[in-house]
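J.: Before I ask anything, let me first share the structure, which is written out below as structure tokens.
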Amino acid sequence: HYGDPATGKRKPEAENVTAYYNLDNGSGRIRGIYLQGNEAVRPIFESYLKPFNYLGADTVSVLNTTGTDHMVFDAVGIPGFQFIQDPLDYESRVHHSNLDVFEALQEDDLKINAVIIASFAYQTAMRDEKIPRKPVRE
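Per my numbering, residue 115 is the first one in the sequence shown, and the count goes up by one each step.
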């Protein structure tokens, strides 16, 4: 735990986390990333996605998305982001059902997703500065 999401108060060890990336909506191919209202990261993420634009991963949306694990990081001021994915039938039929099984995975999409996520993690780790943070709530 890096802080209290209710108050936004961070613990000191939260400063050691540069960013949190989340892929939590099934096995659909990554099409981009939500900025969670953090416009300061737009040029960074646009450059991270550029090598994957030809695969359709080219959307950088300022919108927030909810219902995934990145939210608790975002709530305490740690940059937390959810990738935008092809929805397939994940939310309507598969999610937390008896169809949510290994056989439903889209192997080719997951391979591409793994490369994109690894690229984000590597480029983030190699930056001279941390990923820009949103202002902390008072």
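The C-beta atom is built at its ideal place from N, Cα and C for all residues, glycine as well.
Kindly list the residues whose CB is nearer than 6 Å to the CB of G194, restricted to its own chain and excluding five residues on each side of it in sequence; keep chain order.
T.: Y134, H184, F187 and D188, listed in sequence order.
J.: Since K123 sits in a beta bridge, which residues does DSSP pair it with?
T.: Answer by DSSP bridge pairing, in chain order: D118.
J.: When the Cα atoms are used, what is the spatial distance from N152 to T132?
T.: Each residue's alpha carbon lies about 14 Å from the other.
J.: DSSP beta-bridge partners for I147?
T.: Looking at the DSSP assignment, I147 forms a beta bridge with V174 and F197.
J.: Going by Cα to Cα distance, which pick from H115, T121 and P201 is closest to N130?
T.: N130 has its Cα closest to that of H115, out of H115, T121 and P201.
J.: Between which two residues does the alpha helix (DSSP H) carrying Y236 extend?
T.: Note, Y236: alpha helix (DSSP H), E221 to M240.
J.: Mind checking who Y134 pairs with in its DSSP beta bridge?
T.: Bridge partners of Y134: G194.
J.: Starting from V186, follow the alpha helix (DSSP H) in both directions and report where the run begins and ends.
T.: Segment H184 to A189, the alpha helix (DSSP H) holding V186.
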